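Peer 1:
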Amino acid sequence: MSDTPLAELDAIVSIAISNDENHPASNVIDGKDTTMWMTTGLLPQSLTISFPKVVEIKQILITSCKVRNLIIERSIKSHPTDFETCAEKSYKDENKKLQVGQYDLGKGVEARHLKFIISEAYDSFIAVQHIKCVFAKGSR
């Protein structure tokens, strides 16, 4: 797993359905343990991370709280359109503990944009602390 925050690799959060000024969506890619994205209620919630070019991703690690179901979609288009599902996971309620979701993508999937959709939750407000990626060699 690369310890380099996605923001330092020129990735950006290009779209977020909700944004709390104290806990913005951009926090998920800053690499800090003290920050998070906090949703503002109503499901589904989603955010899209965009890379400056198409990359090949082998694994995604997400640290969250109160997520019940998360879907990951990818797009290789220059703009965040034409997404297709590449992973989905249901989580157990860990009460107030962090949930760690590991998504193994086999030999890797190409993506310019990754959309993370929280389709179900254990509470009205959900937190996502980190999103990290493992890239195929030479991909980033």
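Just so we're aligned: the sequence shown equals residues 1 to 140 in the UniProt record's numbering.
A virtual CB, placed ideally from N, CA and C, is assigned to each residue, including glycine.
If you're wondering where the values come from, they're calculated on a predicted model, not measured in any experiment.
1. Less than 8 angstroms between CB atoms is the rule here; does Glu94 satisfy it with respect to chain C?
2. Counting along the chain, where does the beta strand (DSSP E) carrying Asp123 start and finish?
3. Return the bridge partner residues of Asn69 from the DSSP annotation.
4. Got a sec? Which residues, its chain only, sit under 7 angstroms from Ala121 by beta carbon, not counting five neighbours each side?
5. Anyone know if the C-beta pair for Ala127 and Trp37 falls short of 8 angstroms?
6. What is the rounded straight-line gap between the Cα of Val134 and the Cα of Val28?
7. Tell me where the beta strand (DSSP E) around Ser14 begins and ends.
8. Measuring straight from C-alpha to C-alpha, what distance separates Leu114 and Glu8?
9. What's the C-alpha gap between Gly31 and Ile12?
10. Please tell me whether Phe83 and Ser75 are closer than 8 angstroms, where the distance is taken between their beta carbons.
Peer 2: Taking the geometry as given:
1. Considering every chain present, this structure includes no chain C. It has just one protein chain.
2. Taken as a continuous stretch (DSSP letters only), Asp123 belongs to no beta strand (DSSP E), as it is neither H nor E.
3. Ser90 and Glu120
4. Leu43, Lys66, Val67 and Arg68
5. yes
6. Going from the Cα of Val134 to the Cα of Val28 covers about 15 angstroms.
7. DSSP places Ser14 in the uninterrupted beta strand (DSSP E) bounded by Ile12 to Ala16.
8. Cα to Cα, Leu114 sits roughly 17 angstroms from Glu8.
9. 13 angstroms
10. Yes.
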